[in-house]
Amino acid sequence: MTKDLSSTPEPGQTCAQYLARGICESGTETVFALAGATHAPLLFALEERGVSIVGGRHESGTVGGADGYARRSGRTGVALIVAEQGLANAMTALMTAAQAESPLVVIATRFPDSWVEPSVPYAVDRHEMTAPYLKFSRTVPSPDRVGEYFHAAMKAANEGVPGPALLVLPLDFLTRETTSAPRAPVTVPTLPGAHDDQVAAMAQMLAEARRPIIVTDNRAALSPCGEALQALAGMGVPVLGNGLGRGLVPEVAPTGYPWPYAQRAACEADLVLVVGARMNMWFGYGLAPRFAPEARFIHLDTSAEAIGRNVPVELAVLADPARTLTALGKSLQAHDFRRDPSWIAQALEPRATCVEGLLADYGEDLHPASIGAALDRVLPPERVLVCDGADSMNFTQACMRVHTPRSYADLLPFGAMGAAFPLAIGMAAAEAEAARREARDPVPVALVTGDGSLGFFLAELDTAARSGLPLLVLVSNDGKWGTEYHGQKLAYGRAINTDLGQSDYAAIARAFGGHGERVETKGELDAALAEALARTGPSLIDVRVDPEGGRIRKTEPLLGMVLFEDIPGH
1 MTKDLSSTPE
11 PGQTCAQYLA
21 RGICESGTET
31 VFALAGATHA
41 PLLFALEERG
51 VSIVGGRHES
61 GTVGGADGYA
71 RRSGRTGVAL
81 IVAEQGLANA
91 MTALMTAAQA
101 ESPLVVIATR
111 FPDSWVEPSV
121 PYAVDRHEMT
131 APYLKFSRTV
141 PSPDRVGEYF
151 HAAMKAANEG
161 VPGPALLVLP
171 LDFLTRETTS
181 APRAPVTVPT
191 LPGAHDDQVA
201 AMAQMLAEAR
211 RPIIVTDNRA
221 ALSPCGEALQ
231 ALAGMGVPVL
241 GNGLGRGLVP
251 EVAPTGYPWP
261 YAQRAACEAD
271 LVLVVGARMN
281 MWFGYGLAPR
291 FAPEARFIHL
301 DTSAEAIGRN
311 VPVELAVLAD
321 PARTLTALGK
331 SLQAHDFRRD
341 PSWIAQALEP
351 RATCVEGLLA
361 DYGEDLHPAS
371 IGAALDRVLP
381 PERVLVCDGA
391 DSMNFTQACM
401 RVHTPRSYAD
411 LLPFGAMGAA
421 FPLAIGMAAA
431 EAEAARREAR
441 DPVPVALVTG
451 DGSLGFFLAE
461 LDTAARSGLP
471 LLVLVSNDGK
481 WGTEYHGQKL
491 AYGRAINTDL
501 GQSDYAAIAR
511 AFGGHGERVE
521 TKGELDAALA
531 EALARTGPSL
541 IDVRVDPEGG
551 RIRKTEPLLG
561 MVLFEDIPGH
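Here full-length UniProt numbering is used: the first residue of the sequence shown is 1, the next is one more, and so on.
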């Protein structure tokens, strides 16, 4: 047995008490749990330490909540579930967290060893199912080794490229004493900044460019590089944010944009500085026609495996983004670097005009884009946005902007429909925690979802209500699987298996103990938003949009923000 060497074990301490202490000392103040007797001793120990417990209704909802908490707070998300049936249910959320590179520890209890059949058709730990997709998947072999395994899980979740870790415990361990000694919380060393010659090379390439852009994604948010990016934007370099990389620079034209909206202009850039982004499908793999064939690439990242994926880069920089971009900004400033960013606003003018025309054409009636437009107009700059669905997310990307770090999430890059609702639960819980800690009101957290995507985790409305979370849910309700309906109609002239009916989601929200309203005009939407923002706890607005409104996304390229193909016309 390997011993903990950092301090002396506490006499009489159970595994549950040890884990509760370790979770609290990591900085995590909110834990997500699916109710179950198997981890009750750990829940009691957490409660005694003042930890908030958000009780979910499904394992993917519970794990997804911990994922959202990690994205908003920057701390390690922790979820408690059971292993046998629970891990199968949780796979969607685990895959979502793995693709998004969220630091997450899932503690799953399972039968005691004495209860496990020798001839069981599958291992109760389920590592054969989880290990291929997680950074760490282990079972604690004895109560005295719980310390080693817990800290190994925390280390794996946070070091290098973050991701989910799974720790399985036989349920009888939680009430047994452990000789594991307390350990200091896991600290992840950061990379140094780029070498002076690399910074000089970056500055030279920018100086030679006429139309440079910066593209950010999730990994950029792991480094406090917002100030440095804002300095570069102030020199006229537009920043196009994606995922958790949105809001590092306020999304205000002509230097701050969401990538989904501004990607149509990327092909006009002659230099692309990629910061913390993988050139995956959502970036067109970094290739033409999304980007110009002759565009030069600089890729700055904390992980070598992300650099040069799918597209060759002229300058690869493996370094801490904040330190590197700060040094780059100082170098450029010393040489009076300045670029005119008006080119990107001009390139996007046809798109802006098309969006404005669409909203104007509807007058008081509601199109799916009306939701994002109303939110952008009504919510304060400090807002959190979560998007789900297909048409609903697409049209929200057209209209609503994010202005602060760690304030955006959606179901991508994995793309499992409905997965963003649990993320919104977690982000709202993290915001509620921060508001308590800082003695302030929570900022609004808005989830925009379709009626189809809402159905996957509809019972999490109960989670939000029971926990009193500051969550505003807006349902773009067209009574259909909208993107499927319009796709089938265009391809085949008719549709099948796409009708959902006009369910009253506001009534469902009220039945779960939240606030719910149904709206059919822009005036009603504005009034409902004002009332919801004046309330505490969750609210749902059932927005009855034009059932044919989503069709235009498939027929007008200027209105396509979320793309599964090359940009038409490029």
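A virtual CB, placed ideally from N, CA and C, is assigned to each residue, including glycine.
Is residue i helix, strand or coil when you go by DSSP?
{"i": "K3", "result": "Reliability of the predicted coordinates at K3 is poor, the pLDDT of 45 falling under 50, and the value obtained from them is presented with this limitation in mind. Reduced to three states, the DSSP call for K3 is coil."}
{"i": "V146", "result": "helix"}
{"i": "G523", "result": "helix"}
{"i": "K330", "result": "helix"}
{"i": "P112", "result": "coil"}
{"i": "V186", "result": "coil"}
{"i": "I552", "result": "helix"}
{"i": "P11", "result": "coil"}
{"i": "P170", "result": "strand"}
{"i": "P164", "result": "strand"}
{"i": "R219", "result": "helix"}
{"i": "S342", "result": "helix"}
{"i": "P212", "result": "strand"}
{"i": "H515", "result": "strand"}
{"i": "E177", "result": "strand"}
Cβ of residue i within 8 Å of Cβ of residue j?
{"i": "A465", "j": "G513", "result": "yes"}
{"i": "residue 628", "j": "L80", "result": "In the structure as shown, the chain starts at 1 and stops at 570, and residue 628 therefore has no counterpart that could be examined."}
{"i": "G329", "j": "A228", "result": "yes"}
{"i": "P566", "j": "P289", "result": "As written in the sequence, residue 566 is Asp, which differs from the Pro given in the question. Going by C-beta atoms, D566 is nearer than 8 Å to P289."}
{"i": "G455", "j": "G482", "result": "no"}
{"i": "H486", "j": "R406", "result": "no"}
{"i": "P444", "j": "R383", "result": "yes"}
{"i": "S453", "j": "G372", "result": "no"}
{"i": "A398", "j": "M561", "result": "yes"}
{"i": "L248", "j": "G226", "result": "yes"}
{"i": "F173", "j": "V215", "result": "no"}
{"i": "A430", "j": "L447", "result": "no"}
{"i": "V78", "j": "T28", "result": "yes"}
{"i": "V545", "j": "N497", "result": "no"}
{"i": "G479", "j": "T536", "result": "no"}
{"i": "L42", "j": "L19", "result": "yes"}
{"i": "K554", "j": "L490", "result": "yes"}
{"i": "P162", "j": "S102", "result": "yes"}
{"i": "D499", "j": "E517", "result": "no"}
{"i": "L134", "j": "L166", "result": "yes"}
{"i": "D376", "j": "M393", "result": "no"}
{"i": "I344", "j": "A262", "result": "yes"}
{"i": "G193", "j": "R323", "result": "yes"}
{"i": "A221", "j": "P164", "result": "no"}
{"i": "L379", "j": "Y408", "result": "no"}
{"i": "K522", "j": "L348", "result": "no"}
Hey, could you find the ends of the alpha helix (DSSP H) residue i is sitting in?
{"i": "S392", "result": "D391 to C399"}
{"i": "P422", "result": "A420 to E438"}
{"i": "I23", "result": "C15 to E25"}
{"i": "S102", "result": "Where S102 is concerned, there is no enclosing alpha helix (DSSP H), given that its DSSP letter is neither H nor E."}
{"i": "P41", "result": "A40 to E48"}
{"i": "D388", "result": "No alpha helix (DSSP H) holds D388; DSSP gives it neither H nor E."}
{"i": "D376", "result": "P368 to V378"}
{"i": "R510", "result": "Y505 to A511"}
{"i": "T130", "result": "H127 to T130"}
Would you grab the beta carbon distance between residue i and residue j for me? Rounded to a whole angstrom, and I think it's under 8 Å.
{"i": "P381", "j": "G61", "result": "Actually they do not touch by this definition, with Cβ atoms about 30 Å apart."}
{"i": "residue 573", "j": "V272", "result": "The question about residue 573 has no answer, for the chain in this structure spans 1 to 570."}
{"i": "P9", "j": "S142", "result": "With a Cβ gap of about 14 Å, P9 and S142 do not count as contacting."}
{"i": "T139", "j": "V168", "result": "4 Å"}
{"i": "M279", "j": "R309", "result": "5 Å"}
{"i": "N218", "j": "L244", "result": "4 Å"}
Between which two residues does the beta strand (DSSP E) carrying residue i extend?
{"i": "Y408", "result": "Y408 to D410"}
{"i": "L559", "result": "No beta strand (DSSP E) contains L559, which DSSP labels as neither H nor E."}
{"i": "A33", "result": "T30 to L34"}
{"i": "D301", "result": "R296 to D301"}
{"i": "A316", "result": "L315 to L318"}
{"i": "D542", "result": "S539 to R544"}
{"i": "I53", "result": "S52 to G56"}
{"i": "T139", "result": "F136 to T139"}
Would you check whether the ligand ZN has a heavy atom nearer than 7 Å to the C-beta of residue i?
{"i": "Y261", "result": "Ligands in the displayed structure: none, and consequently the ligand ZN is not present."}
### Query
Which whole runs of the beta strand (DSSP E) in the segment 443 to 499 are 3 residues long or more, in chain order?
As far as the segment 443 to 499 is concerned, its whole beta strand (DSSP E) runs of at least 3 residues are 445 to 450 and 471 to 477.
### Query
Of all the beta strand (DSSP E) runs that stay within the bounds of the segment 58 to 88, which reach a length of 3 or more residues?
DSSP assignment within the segment 58 to 88 yields the following whole beta strand (DSSP E) runs of 3 residues or more, N-terminal first: 77 to 82.
### Message
Extract the residue ranges of the beta strand (DSSP E) inside the segment 224 to 284, only unbroken runs of 3 or more that lie entirely within it.
### Response
Fully contained in the segment 224 to 284 are the following beta strand (DSSP E) runs of length 3 or more, in chain order: 239 to 241, 256 to 258 and 271 to 275.
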